[in-house]
Structure formats: structure tokens, C-alpha cells
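With the numbering used here as the guide, the letters of the sequence shown map in order to residues 1 to 315.
Down below is the structure, laid out as C-alpha cells.
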Amino acid sequence: MSFTSDVKRQICQESVDRAQGRAQLCALLQMRASLLMNNQGMSLTIGTENAAIAKHIFQLMKTLYEVEPQISVIKKMQLRKNNVYQIRVYTKAAMILEDLDILTDTGLHYKPSSAMIRSEKRARAYLQGCFLAGGSINDPKTTNYHMEMTVPYEDLAKSIQKLMVRFYLPAKIIKRKNNYVVYIKAGDKIADFLRLCNASQALFQFEDSRIQRDFYNQITRLDNCELANEMKSMKAAQKQLKYIQVLEENIQKVKISEKLQHVIDMRKKFPEASLNELCEECYKEYGDIITKSGMKHRLHKIKELAEPFMEEENA
């Protein structure tokens, strides 16, 4: 089972009261339903490839409106041979749409009414319905953090975005073919969305994967930083050894103090040592207490003494 399917299954398993059920069903119908009108009256059809969602819609219809929806299963014969579950309502279709504020005297409405999402409880339930209808979340173990909901209408997409911002979820919208996609990429905000949906098990799984992933990323960054510092230190040490070689070749022409000679000896003995390590070795060998900045200053002095001889060679 995919991570998205697991989240949707958990949402469907959550018990809801009448207000929450209405909000969820309103979102599901506005996102996925089609309306048919003929001589026999009005009928609603909503399709999904998820069996748990089909069962959830069936139960909501039956519980809220005492109707007996018909369910049919269509087998796809194309690339992905998933079953498509179609739920049809032939009785009370108009009454259901009117109760959900989708059908009013002014016609059909493709976004939720203010009354439908006024309370926090109903607003959360509406977002749950939107995710059931068109949502997906990348598996945090394998890919980048990404949660999205595919929406058929621009006004509905903007309403969902506004509703998510109400819960401090900074969603964005892009157009993809004939649909609109409301999405979030920040891992902590996706976790907040899972919390909003009451998908506790999925939230724990997501947070566990996120913590491990962020930890390994941090370790990698530290390793890269340490490697870069080591490369930088090695490059500097090679230059210092070159300056020392030049001074030793011209030892009769230059006066080297005892303290500088200590540093020269330790650098030759420990060519890959860092500045702090050179300070420790000088103390062990000569009892010479020197700070990192002091070691830096002495190495710079060696460079200054060697450069004139190097310039003569290059002249």
C-alpha cells in the first residue's frame, strides 16, 4: 500500500459526526462528482479507484440522507488495471446538493459556502474530503517532501488554498493541463496537514522518516564540510612545506629564530597536521605553549622569509 493510500485509509476510518460528514461529502462531490439530468430526474455519480473511499462515500450517503447508492465496479484494461468504483445516487440527488449548499436558487456552486466551513471542525473535515478526492503525498523515505491536491476548478483551488492558509499551511497553486494543483513542499507543514487530517499513524511514520532523513542529511553536510576543511588544510600544509624547503636551501642567507625552527620541525614531522595539532605537538616536544593564532602567525612569518628567495628563482 502506498503512503497516500495509507493516509486516505486512516481518514476514512475516523468516525465523524453529521456536521463533519456533510463537510467531507461536500468536498468529495465538488471535487469528483458528475451530475446527470434527464426525463427521470437528477442523478449523481462519483468515481474513485480507492475501495476504502468508495465505502466511505456509500456510508456517508446512507447515514446522512437515508439513500441506497448503487455501486458498480469497472475494470480498467489500460496500463494501470485498477478497479474504478462508481457510486450513483438516483433518489434525493437534488435534496443532497441543496443540503450541502452546492445547488441553490442561483445555480450550482463549485466552491464551499461560508456556512459549510465556518467552524474549525467543519473546515478540517472539508480539507479531509478534498484530500480523499484528489490528494497525494510522496513517500518521505524515497522522494522529496511534496503534498498536493488536484482540483478541477480555479475558484475551488483558491478556496482550498485560502482554507489551508487559515490553518497556517502556506499552500501554492499551479495549473497542470486542465486542472489546478494546490501543493505544499515543506516537510513540517505536510506533517501539520497530516495532523489536521487526524492521520496519526501516517503522521508518526512521516515524522520518523523525516527525522532520520534530516539527521543523515545533516551528517552528510558535516562530512562534506569536514572534508573541505581537510582539503584546505592539506593544501596550506603543502605550501608551508614548500616555503620550508626554500628556507633550508638558503639557510646561510637567512636567520631563523628558535621558535620558528620548532614550527618548521613539527610541520616536517607532521605534514598533514592541523594548526591545533601542530600546537599540541610543539607543546609535547618543546614545552612551547602556543595558541592557534600564534601558530598561524609563525607560519605566515616562514612564508614571508621564503618568498624573496622564491622570487629570485622565478626572475
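We put the beta carbon where it would ideally sit given N, CA and C, even for glycine.
Following the DSSP letters along the chain, one finds GLY21 inside the alpha helix (DSSP H) bounded by residues 18-32. Bridge pairing for TYR180: VAL151, LYS175 [DSSP].
Put simply, the segment 190-198 touches the segment 164-176. At least three CB pairs are less than 8 Å apart.
GLY21 counts as buried, since at least 16 other C-beta atoms from the protein chains shown sit within 10 angstroms of its C-beta.
By the Cβ criterion, the segment 102-112 is in contact with the segment 22-33, since at least three pairs of Cβ atoms, one from each stretch, lie closer than 8 Å. Taken through DSSP and simplified to helix, strand or coil, SER293 comes out as helix. Going by C-alpha positions, ARG9 is about 55 Å away from SER233. CYS130 and ALA199 have their C-alpha atoms roughly 14 Å apart. By the beta-carbon neighbour count (other beta carbons within 10 angstroms, threshold 16), MET231 is exposed.
Segment contact: the segment 280-288 against the segment 259-266, three or more CB-CB distances shorter than 8 Å; contact assigned. Under the DSSP assignment, MET266 falls in the alpha helix (DSSP H) whose first and last residues are 258-269. The beta carbon of ASP139 sits closer than 6 Å to those of PHE3, all from its chain and outside the five residues before and after it, given in chain order.
According to the DSSP assignment, TYR85 belongs to the beta strand (DSSP E) that extends over 83-89. The Cβ-Cβ distance between LEU163 and LEU127 falls below 8 Å.
An exposed status is given to HIS300, since fewer than 16 other beta-carbon atoms sit within 10 Å of its beta-carbon. Taken through DSSP and simplified to helix, strand or coil, SER114 comes out as coil. Its Cα nearest to that of LYS111, the residue GLN161 stands out among VAL73, GLN161, VAL67. Taking C-beta atoms as the reference points, VAL181 and ILE174 count as a pair closer than 8 Å. Rounded to whole angstroms, the separation of the alpha carbons of GLN238 and PRO271 is 8 Å.
Residue LEU97 holds the alpha-carbon nearest to the alpha-carbon of LEU64 among LEU97, LYS158, MET37.
Contact between the segment 39-58 and the segment 87-96 is present: 3 or more CB-CB pairs across the two stretches fall below 8 Å. In terms of Cα proximity to ARG267, the closest of LYS255, TYR243, PRO308 is TYR243.
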